[in-house]
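If you're matching positions, the sequence shown starts at 185 in the working numbering and goes up one per residue. Backbone N, C-alpha and C fix where the C-beta goes; we use that ideal spot for every residue, glycine too. A quick write-up on the structure given underneath.
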Amino acid sequence: MTTTPYPHLLSPLDLGFTTLSNRVLMGSMHTGLEEEKGGYAKLAAFYEARAKGGVGLIVTGGVSPNARGRIAPFGSELSKFWHVKKHKQVTDAVHKYPTKICLQLLHTGRYAYHPFSVAPSKIKSPITPFTPKEMSVRQIKSTINDYAKATKLAAQAGYDGVEIMGSEGYLINQFSCVRTNHRTDEWGGSLENRMRFAIETIKTVRARVGENFIIIFRLSMLDLVEGGNTWEEVVTMAKAVEKAGATIINTGIGWHEARVPTIVTSVPRAAFTWVTERMKKEVSIPLVTTNRINMPEVAEKILASGQADMVSMARPFLADPDFVKKAAAGKADEINTCIGCNQACLDHVFQQKRASCLVNPTACYETELTFSPVTKAKRIAVIGAGPAGLAFSVYAADRGHNVEIFDAASAIGGQFNFAKLIPGKEEFYETLRYFQKQLELHQIPVHLNCQQSAEQLIEGGFDEVVLATGIKPRKLNIKGIESDKVLSYLEVLRDKKPVGKRVAIIGAGGIGFDIATYLAEEKSLTKDLDAWLENWGVDKAYQHAGALLEQPKRHITEREIYLLQRKTTKVGKGLGKTSGWVHRANMVNNNVQMIAGVSYKEVNEQGLLIAVNGEEKQLKVDNIIICAGQEPNRDLEQALIAANMSVNLIGGAAVAAELDAKRAIRQAAELAAKI
Ligand code: FAD
Ligand code: NAP
Ligand code: SF4
Numbered sequence: 185m186t187t188t189p190y191p192h193l194l195s196p197l198d199l200g201f202t203t204l205s206n207r208v209l210m211g212s213m214h215t216g217l218e219e220e221k222g223g224y225a226k227l228a229a230f231y232e233a234r235a236k237g238g239v240g241l242i243v244t245g246g247v248s249p250n251a252r253g254r255i256a257p258f259g260s261e262l263s264k265f266w267h268v269k270k271h272k273q274v275t276d277a278v279h280k281y282p283t284k285i286c287l288q289l290l291h292t293g294r295y296a297y298h299p300f301s302v303a304p305s306k307i308k309s310p311i312t313p314f315t316p317k318e319m320s321v322r323q324i325k326s327t328i329n330d331y332a333k334a335t336k337l338a339a340q341a342g343y344d345g346v347e348i349m350g351s352e353g354y355l356i357n358q359f360s361c362v363r364t365n366h367r368t369d370e371w372g373g374s375l376e377n378r379m380r381f382a383i384e385t386i387k388t389v390r391a392r393v394g395e396n397f398i399i400i401f402r403l404s405m406l407d408l409v410e411g412g413n414t415w416e417e418v419v420t421m422a423k424a425v426e427k428a429g430a431t432i433i434n435t436g437i438g439w440h441e442a443r444v445p446t447i448v449t450s451v452p453r454a455a456f457t458w459v460t461e462r463m464k465k466e467v468s469i470p471l472v473t474t475n476r477i478n479m480p481e482v483a484e485k486i487l488a489s490g491q492a493d494m495v496s497m498a499r500p501f502l503a504d505p506d507f508v509k510k511a512a513a514g515k516a517d518e519i520n521t522c523i524g525c526n527q528a529c530l531d532h533v534f535q536q537k538r539a540s541c542l543v544n545p546t547a548c549y550e551t552e553l554t555f556s557p558v559t560k561a562k563r564i565a566v567i568g569a570g571p572a573g574l575a576f577s578v579y580a581a582d583r584g585h586n587v588e589i590f591d592a593a594s595a596i597g598g599q600f601n602f603a604k605l606i607p608g609k610e611e612f613y614e615t616l617r618y619f620q621k622q623l624e625l626h627q628i629p630v631h632l633n634c635q636q637s638a639e640q641l642i643e644g645g646f647d648e649v650v651l652a653t654g655i656k657p658r659k660l661n662i663k664g665i666e667s668d669k670v671l672s673y674l675e676v677l678r679d680k681k682p683v684g685k686r687v688a689i690i691g692a693g694g695i696g697f698d699i700a701t702y703l704a705e706e707k708s709l710t711k712d713l714d715a716w717l718e719n720w721g722v723d724k725a726y727q728h729a730g731a732l733l734e735q736p737k738r739h740i741t742e743r744e745i746y747l748l749q750r751k752t753t754k755v756g757k758g759l760g761k762t763s764g765w766v767h768r769a770n771m772v773n774n775n776v777q778m779i780a781g782v783s784y785k786e787v788n789e790q791g792l793l794i795a796v797n798g799e800e801k802q803l804k805v806d807n808i809i810i811c812a813g814q815e816p817n818r819d820l821e822q823a824l825i826a827a828n829m830s831v832n833l834i835g836g837a838a839v840a841a842e843l844d845a846k847r848a849i850r851q852a853a854e855l856a857a858k859i
């Protein structure tokens, strides 16, 4: 008898008038294709791949029910009959499979990035430059009607339902909390008045489309801001949402302006499911839980223990469209896991670029980055088993090339082996597990402890050589730099050289910040949910409005750390758009002194002598750690070219400046697609 690997995750969910094939909801994600010319055909291919991969229910990226609610001047809107046609491409593509799809209706309110924004009260948000206009009662009523009209159009476009976005600090959430609702009419004041907008919207939408249409309401269960709702208020609202006719309640965690990280990689897995579990006792319609759920065993545990009826995963479906299919086949070790880095998804969206995925560069490029079988297989030597070499090898072997991979180190992974050691970056391990499995499945010979010389490669008789040899840390020319006090980041992470209590870090790029975290957080908080919640000020007992503690209980390092850069710009400015603030806050919380505009004078007996704004300052430190960027490692290139070999450079070996794994993997995939 065969057993289903994830019985709860893969069991159907009966909604009365329709049945979902499993408990997996692909959460709403804006991809940027929505606004591109011809983007809907690409979007249809994107969603089709996820439907083919077995997702039970897809929720689209947010679409506004009217012009003022759009996120930006050219943001998506569904309000006119001629908008329907492009959506039909998406629903037709998805409905080739037994997957349901709901359109998310998102009115941004004061989060809009345009001057026509409206909100319950005229209060600017801290994260947008525009002050919203206070909505008149007439405007409120016509906006509710716009939701219903958009829902009717969604039904005409073939959607199985809508998700009404009521969390994350968008319009409906702005109505429901005193933080942003200072009205004195029937739409403000008491909770009954503040939640009237949400409840009237659900009732009007339900009346317009009838009973047999899915209405998901995304309820803010944790506002995580001052002036957020109390637990009692959230429960009252959930009950009213159920009574008003919602089919499913999805969990919303934290406003965008909240200073608590909610989805970055250092957030523990399933960090907020406890709040959905608490709500399970209060309502009887299905509840969806969300945030940092990225592997089937995590989802299964949540469902098996009754914390929720469904799980929402969004980014994991950028990383792997076949997540559900692989889980169902008992092949979870083949899943390309989302590592929560935000580098190619949310960071892109916030920069108005098309979203993709660091570990899966084909995401949102389904029709453009493709790997056709080769007509003539080549023998290809790949030197370096870092992210670039690994990704190239797997994609090229998949096309039918005969690939061999060589690395001087004793394990695959290159610098990812050091990234995964940083507290809060444990997810990076998953990428190496994924590649290890793919190498096995593609039967790619892997030669470890095998430093390659040009001579060996020339003798090897390969058709192509791919140099994925990465980088060399930059060496600095500062007086006294040869002192034993000075360590490179590799000596700290790889060689585990001891580091003293007082430390200066030269270079405040990604690696400088990571080293500071490594030294500050001797025990990773990501592994201890309660400690992590306390550290960020989250009140799990929910004794205060917004679920914030009066005082966070910080876990502060005993080390004295200086993080230095020469630039005069804010330290950490170059970090990821959606994750940089978390790294900076972590430094502030640990009393790390971040100093910009530094010139390095000398390493001396006492530590490091620097000058800031022309004034000398002696840092009394035990160690100085160099994290000053990197140079390409292309030692082999010239000799191979001289021997007339066909040489290709990818990743750090191609360009070290501003290198990250996102670029390394994409470049590798693009080469593999055409070689
Ligand atoms: P590498 O990973 O450097 O791999 C090169 C490989 O080539 C090595 O394994 C090396 O042993 C091998 N090699 C070199 N010469 C030879 C030879 N002659 N013969 C055989 N083998 C050879 N990037 C991100 O995008 N996000 C992050 O959050 C992030 N965090 C990081 C944290 C740390 C602490 C570090 C150190 C790096 C981090 N990075 C991060 C950077 C990321 O790891 C690199 O951009 C990426 O690894 C570059 O990939 P690569 O394949 O080009 O080179
Ligand atoms: P980096 O981000 O380029 O930072 C290098 C740092 O060294 C800068 O702060 C730079 O600032 C300083 N520096 C450069 N030349 C110097 C010199 N000659 N003397 C003294 N200081 C010098 O590089 P990195 O930190 O090595 O990271 C490598 C790559 O890995 C990055 O591009 C990054 O994308 C990726 N990474 C990403 C993350 C992430 O969380 N996304 C984390 C780690 C690594 P000044 O020139 O102002 O001094
Ligand atoms: Fe996940 Fe990073 Fe890919 Fe975004 S870019 S989906 S966070 S792995």
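Continuous alpha helix (DSSP H) stretch holding Ala861: start and end: The structure shown does not extend to residue 861, since the chain is modelled only from 185 to 859, so the question has no answer here.
Segment limits, beta strand (DSSP E) that includes Val508: Taken as a continuous stretch (DSSP letters only), Val508 belongs to no beta strand (DSSP E), being part of the alpha helix (DSSP H) at Phe507 to Ala512.
Host beta strand (DSSP E) of Met494 (start-end): Segment Met494 to Met497, the beta strand (DSSP E) holding Met494.
C-beta contact flag for Met479 and Thr521 at 8 Å: yes
Contact under 8 Å by Cβ, Val766 with Val448: Yes, the Cβ-Cβ distance between Val766 and Val448 is below 8 Å.
Alpha carbon of Met185 to alpha carbon of Arg390, nearest angstrom: Bear in mind that a pLDDT of 47 at Met185, under 50, signals an unreliable position, so the model cannot answer this.
DSSP three-state assignment for His631, whether helix, strand or coil: The answer is strand: DSSP assigns His631 an E or B state.
In chain order, each alpha helix (DSSP H) run of at least 4 residues that lies wholly inside the region 500-550: 500-503, 507-512 and 530-534
Contact test: Gln635 Cβ vs the ligand FAD heavy atom, cutoff 7 Å: yes
Cβ-heavy atom distance, Gly570 to the ligand GDP, below 7 Å: The model on display carries the ligand FAD, the ligand NAP and the ligand SF4 but not the ligand GDP.
Proximity test, Gln749 beta-carbon vs the ligand NAP heavy atom, cut-off 7 Å: yes
Cβ shell of Arg252 (< 6 Å), same chain only, five flanking positions each side left out: Phe300 and Val302
Cβ contact check for the region 542-559 and the region 500-512: 3 or more pairs under 8 Å: yes
Identity of the residue in Thr388, Glu426, Arg392 and Gln620 nearest Arg402 by Cα: Glu426
In DSSP terms, what Ser672 is bridged to: Answer is Ile810.
Residues near Thr414 by beta carbon distance below 7 Å, same chain, minus five either side: Ala729
Contact set for Thr741: own chain, Cβ-Cβ below 6 Å, skip 5 residues either direction: Answer for Thr741: Ala704 and Asn774, listed in chain order.
Runs of beta strand (DSSP E) wholly within the region 268-349 (minimum 3 residues, chain order): 284-289
Cβ-Cβ separation, Thr431 to Ile383 (assumed contact under 8 Å), whole Å: Contact between Ile383 and Thr431 does not hold, since the beta-carbon distance rounds to 15 Å and is not under 8 Å.
C-alpha distance - Glu648 paired with Val831, whole-angstrom precision: 6 Å
Runs of beta strand (DSSP E) lying entirely within the region 347-380, each at least 3 residues, in chain order: Correct list: empty.
For the ligand SF4, residues whose Cβ lies under 6 Å from any non-hydrogen atom: My final list is Arg499, Leu502, Ala503, Cys522, Ile523, Gly524, Cys525, Asn526, Gln527, Ala528, Cys529, Cys541, Leu542 and Val543.
Distance, Leu287 Cα to Leu820 Cα: 53 Å
Proximity below 8 Å, CB of Leu542 to CB of Lys226: no
Member of Ala688, Gly760, Lys711 and Ile400 whose CA lies at the smallest distance from the CA of Arg743: The shortest C-alpha separation from Arg743 is found at Ala688.
Ile690: CB within 7 Å of a non-hydrogen atom of the ligand NAP: yes
Rounded straight-line distance, which links the Cα of Arg563 to that of Ser556: 17 Å
Per-residue DSSP class, three states only, for Ile834: In the three-state DSSP reduction, Ile834 falls in the coil class, being neither helix nor strand.
CA-to-CA distance, Ile628 to Asn828, given in whole angstroms: A straight line joining the alpha-carbon of Asn828 with that of Ile628 spans about 25 Å.
Alpha-carbon to alpha-carbon, Asn633 and Ala856: 25 Å
Whole-number beta carbon distance between Ile794 and Lys801, since they are thought to touch under 8 Å: Yes, Lys801 and Ile794 are in contact; Cβ-Cβ is about 5 Å, under 8 Å.
Any non-hydrogen atom of the ligand FAD within 7 Å of Gly696 CB: A distance criterion of 7 Å places the beta-carbon of Gly696 beyond contact range of the ligand FAD, judged by its closest non-hydrogen atom.
Pick from Lys560, Asn807 and Tyr297 that is closest to Phe258, judged by C-alpha positions: Here the closest residue by C-alpha is Tyr297.
Coarse secondary structure for Val566, derived from DSSP in three states: strand
Contact between the region 576-592 and the region 693-700 (3+ Cβ pairs under 8 Å): no
Those residues which DSSP pairs with Met778 across a bridge: Leu747
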